[in-house]
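For the sequence shown, my numbering begins at 52 and goes up steadily by one.
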Amino acid sequence: MSNARPRFDALKTPAAVFAALGDETRLSVLAKLCQGVPQSISRLTAGTNLSRQAVTKHLRVLANAGVVRNVRAGRESLFELEPLPIEEVRDYLDRVSKQRDDALARLKSHVEK
């Protein structure tokens, strides 16, 4: 694994995903989509106080960040999780965590000398 700093482009996906997930409602919608089954807006609004329009707005934000995608099943529009951006965010967080761990190891080594 390279210790080189990621290119600016490599930060676009995590930044967009973090921005999209910076809302409690969108996190809730994403959690429902993590069940692995494409869901309609009606199913996503069930058991909530949200209108179809509100869920549609939140789905649009998530889709613009690349986190969800719209799939058609006949006349019905369904939404499902797009795992790649989530994996990219996980990879980004792993790199940041490794950088932190490496810095702490260097500090520990320096202090113990």
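The beta carbon of each residue, even a glycine, is placed where N, CA and C say it ideally should be.
Keep in mind that this is a model prediction, so the values were computed, not measured.
Simplified DSSP assignment, three categories, for residue 101 = coil
Separation of residue 162 from residue 80, as counted between CA atoms | 47 Å
Whose C-beta lies closer than 7 Å to the C-beta of residue 52 among residues of the same chain, with five residues either side of it excluded?
-> Confidence is the limiting factor: at residue 52 the pLDDT is only 41, short of 50, which leaves the residue's position unreliable, though a coordinate-based value still follows. Excluding positions up to five away in sequence, the list is empty.
Excluding five sequence neighbours on each side, which residues of the same chain lie with their C-beta closer than 6 Å to the C-beta of residue 136?
-> Excluding sequence neighbours, residue 136 sits near 64, 68, 117 and 118.
Can you tell me the Cα-Cα spacing of residue 105 and residue 72, whole angstroms?
-> If you take the alpha carbons of residue 105 and residue 72, they lie about 15 Å apart.
Which partner residues does residue 150 have in the DSSP bridge list?
-> In the DSSP output, where bridge partners are listed per residue, residue 150 has none listed.
Sufficient close CB pairs (3 or more, under 8 Å) joining the segment 91-111 to the segment 127-147 | yes
Three-state secondary structure (DSSP) at residue 132?
-> Strand, per DSSP.
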